[in-house]
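Visitor: Handing you a structure now.
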Amino acid sequence: MRENDQGYITSVAFSPDVGSFIGLGFVKGGPERMGEVLRMVDHLRELEAEVEICSPVFVDPEGGRTRG
Numbered sequence: 125m126r127e128n129d130q131g132y133i134t135s136v137a138f139s140p141d142v143g144s145f146i147g148l149g150f151v152k153g154g155p156e157r158m159g160e161v162l163r164m165v166d167h168l169r170e171l172e173a174e175v176e177i178c179s180p181v182f183v184d185p186e187g188g189r190t191r192g
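Numbering (my numbering) for the sequence shown: 125 to 192.
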């Protein structure tokens, strides 16, 4: 990672449950930074976007879908 980098994104996909794209990644001090908004830059594709740090379990945190 570069000196100014805060982390990196490992994957991105469209979530029909959320109705938008979601991503997984790693960020320095992640658990303490929940709710923080960062700027994501993809130099290869020339894209920029704001991303929010949130829990990786946000669609069904109680597990009701899994347990029925």
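Cβ coordinates follow ideal geometry from the N, Cα and C atoms, glycine included.
Inspect the beta-carbon positions of Glu-174 and Val-161 and report whether they are closer than 8 angstroms.
Guide: Judged by beta-carbon spacing, Val-161 lies within the 8 angstroms limit of Glu-174, meaning their Cβ atoms are closer than that value.
Visitor: What first and last residue would you give for the beta strand (DSSP E) that runs through Arg-195?
Guide: Absent from the structure is residue 195, since the part of the chain shown begins at 125 and ends at 192.
Visitor: Please say whether Cys-178 and Met-158 have beta carbons closer to each other than 8 angstroms?
Guide: yes
Visitor: Of the choices Asp-184, Glu-186, Gln-130, Ser-135, whose alpha-carbon is the least far from that of Val-151?
Guide: Gln-130
Visitor: According to DSSP, Glu-174 sits in a beta bridge with which residue or residues?
Guide: Arg-163
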